[in-house]
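Below is one structure, written out as structure tokens, with a few remarks after it.
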Amino acid sequence: MHGSSEDSTGCVLRGTVVLNLKKPLKVRSIGLRLKGAVNFKLASDLCRKKETIIKYKWSILKPSDHIYTLGCKSHLFDFEIPLGGDLPESVKTTHGSISYKLTAWVERPGFNHDIKTSIPIMIQRLLSPLSCSYQDPPTTSISGVWASRFFYEADIPNYLYSPGESIPVVFKFDSLDTFVQVEKVILDVVEYTVYKRAIENPFVQNTQYCNTIQEFAEPMGTSWSTSFKLPLPQTIQLDCETKYIEVNHILLARLFLSTAEGCTVESFQLHFPIMIRPNGETQTLTDVPPPDYSHFAPPIYDGANCAPTLAPMHQASQYEICSY
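With UniProt numbering, the residue at position 290 of the sequence shown is 290, and numbering never jumps.
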């Protein structure tokens with residue numbers, strides 16, 4: 001999906017059912033079913049809630065009064081189904097999940113066992129260059145003066161990151177009071193998961209990742225800088241915003257200062273909103289050039305039945321149904 005649930009025009013799920021037969025097979029019908037569901041699981045296994053998002057069923061080979069006989073070869077049945085742009089993206093968290101499954105079956109006559117197979121379908125929502133997050137990005141630089149005695153500045157190069165990447169963080173310090181020094185810097189990535197339609201009232205779950213601590217035992221002078229690379233785990237959740245589950249992230253920096261008396265003052269915090277997106281999307285969005293409005297003549301149609309060729313929206317997926 002491209003864009004938010006309000007802006008997206010949806011996509012088309014295309015694929016092929018492959019039936020490999022080593023001997024003739026009598027078949028009554030062949031069909032497909034797409035099902036999407038939201039699951040919530042709270043304190044115990046007894047506390048569950050399930051809600052169906054989409055349930056779509058259609059026939060590839062419709063049942064009739066006679067029995068079909070398929071020969072010894074590979075039979076290919078292409079299919080496609082449009083998916084609405086408001087479908088929530090797939091997500092799996094500690095207390096909830098949004099998942100989709102595509103099932104194909106071959107109905108056989110008499111007392112023969114039917115053949116079934118299922119595959120998971122992953123729906124991801126990609127940011128549009130016209131989205132608010134892209135047009136009005138969150139801040140990547142924070143600066144200020146603490147108690148009129150200490151200047152600080154923190155910078156990150158971007159707000160979009162993918163699992164497995166590292167976040168570079170650069171600090172610049174200027175002590176306006178020579179007795180004020182940085183004692184310690186702690187960096188965390190905090191993940192906020194909001195369950196909007198849980199069994200009871202909506203609630204928020206916080207998870208901390210990538211805790212990094214840097215201590216400075218010796219005074220570093222009045223003006224100096226330091227840098228960090230904060231690695232993101234592969235297991236971190238992608239950002240998502242659905243009417244069921246919402247996942248957001250912030251980079252949290254905590255600074256501890258010491259004074260002339262040797263007392264450690266209470267830390268103050270800096271918050272960088274960041275977005276965790278699928279691998280490859282962050283670079284694509286960063287490289288998007290500004291729109292170029294070139295003027296082209298409209299296509300010429302040579303008759304009522306002519307139409308422009310549409311590029312495929314999705315690469316076809318393929319899976320097999322094997323006979324026994």
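Where is the CB? At the ideal position from N, CA and C, for every residue including glycine.
I think residue i touches residue j, with their Cβ atoms under 8 Å apart; what is that distance to the nearest whole Å?
i: Glu-107; j: Ser-29; result: 4 Å
i: Ile-156; j: Ile-186; result: Their Cβ separation, rounded to whole angstroms, is 16 Å, which puts Ile-156 and Ile-186 out of contact at 8 Å.
i: Glu-281; j: Leu-127; result: 7 Å
i: Leu-230; j: Val-169; result: 6 Å
i: Asn-39; j: Ser-97; result: 5 Å
i: Leu-251; j: Val-182; result: Wrong, their Cβ atoms sit about 18 Å apart, outside the cutoff.
i: Thr-222; j: Thr-178; result: 6 Å
i: Pro-63; j: Gly-10; result: Actually they do not touch by this definition, with Cβ atoms about 30 Å apart.
i: Ile-67; j: Pro-109; result: 5 Å
i: Lys-172; j: Glu-215; result: With 8 Å as the limit, Lys-172 and Glu-215 do not qualify as a contact, their Cβ atoms being about 18 Å apart.
In whole angstroms, what separates the C-alpha of residue i from that of residue j?
i: Asp-188; j: Val-194; result: 19 Å
i: Tyr-192; j: Val-204; result: 7 Å
i: Glu-241; j: Phe-272; result: 19 Å
i: Leu-34; j: Ile-119; result: 10 Å
i: Ile-274; j: Thr-139; result: 9 Å
i: Tyr-100; j: Ser-4; result: 19 Å
i: Met-122; j: Asp-174; result: 49 Å
i: Asp-78; j: Gly-15; result: 6 Å
i: Ile-245; j: Ala-253; result: 26 Å
i: Phe-228; j: Val-265; result: 23 Å
i: Gly-164; j: Asn-211; result: 15 Å
i: Met-1; j: Gly-84; result: 9 Å
i: Gly-36; j: Ile-54; result: 5 Å
i: Gln-269; j: Lys-196; result: 28 Å
i: Trp-224; j: Thr-52; result: 56 Å
i: Leu-176; j: Thr-226; result: 18 Å
i: residue 334; j: Leu-25; result: Within the shown structure, residues of the chain are numbered from 1 to 324, placing residue 334 beyond reach of any answer.
i: Ile-300; j: Ser-8; result: Residue placement at Ile-300 is flagged as unreliable, the pLDDT there being 46, under the threshold of 50; a coordinate-derived value is accordingly withheld.
i: Gln-237; j: Val-180; result: 39 Å
i: Ser-74; j: Leu-19; result: 6 Å
i: Phe-150; j: Gln-124; result: 44 Å
i: Thr-235; j: Asp-86; result: 26 Å
i: Tyr-209; j: Thr-94; result: 15 Å
i: Val-17; j: Lys-116; result: 11 Å
i: Ala-217; j: Leu-255; result: 14 Å
i: Leu-32; j: Leu-102; result: 7 Å
i: His-249; j: Ile-167; result: 13 Å
i: Lys-243; j: Asp-136; result: 23 Å
i: Ser-143; j: Arg-48; result: 46 Å
i: Lys-22; j: Thr-69; result: 13 Å
i: Val-190; j: Trp-58; result: 43 Å
Among all the DSSP beta bridges, which residues are the ones paired with residue i?
i: Gly-144; result: Tyr-152
i: Ile-119; result: Leu-102
i: Leu-127; result: DSSP output for Leu-127 lists no bridge partner at all.
i: His-113; result: Per DSSP, none; premise fails for His-113.
Where does residue i land, buried or exposed, given buried means 16+ other C-beta within 10 angstroms?
i: Pro-291; result: Residue placement at Pro-291 is poorly supported in this model, since its pLDDT is 43, which falls under 50; the coordinates are not used for a value here.
i: Leu-76; result: exposed
i: Arg-277; result: buried
i: Ala-154; result: buried
i: Tyr-56; result: exposed
i: Val-247; result: buried
i: Ala-104; result: buried
i: Pro-233; result: exposed
i: His-113; result: exposed
i: Phe-111; result: exposed
i: Asp-65; result: exposed
i: Val-145; result: exposed
i: Val-12; result: exposed
i: Pro-202; result: exposed
i: Pro-88; result: buried
Return no unless some Cβ of chain B is closer than 8 Å to the Cβ of residue i.
i: Ile-186; result: No chain B is part of this structure, which consists of one protein chain only.
Run the proximity test for residue i: is its beta-carbon closer than 7 Å to any non-hydrogen atom belonging to the ligand MN?
i: Lys-49; result: With respect to the ligand MN, the structure offers nothing, as it holds no ligand at all.
- Quick one: which unbroken alpha helix (DSSP H) runs of 4-plus residues sit fully inside the UniProt domain "Arrestin C-terminal-like" (148-276)? Chain order, please. none
- Scan the UniProt domain "Arrestin-like N-terminal" (8-110) and note each continuous beta strand (DSSP E) run of 3 residues or more that stays entirely inside, going in chain order. 11-20, 25-27, 29-41, 48-61, 68-70, 74-83, 96-107
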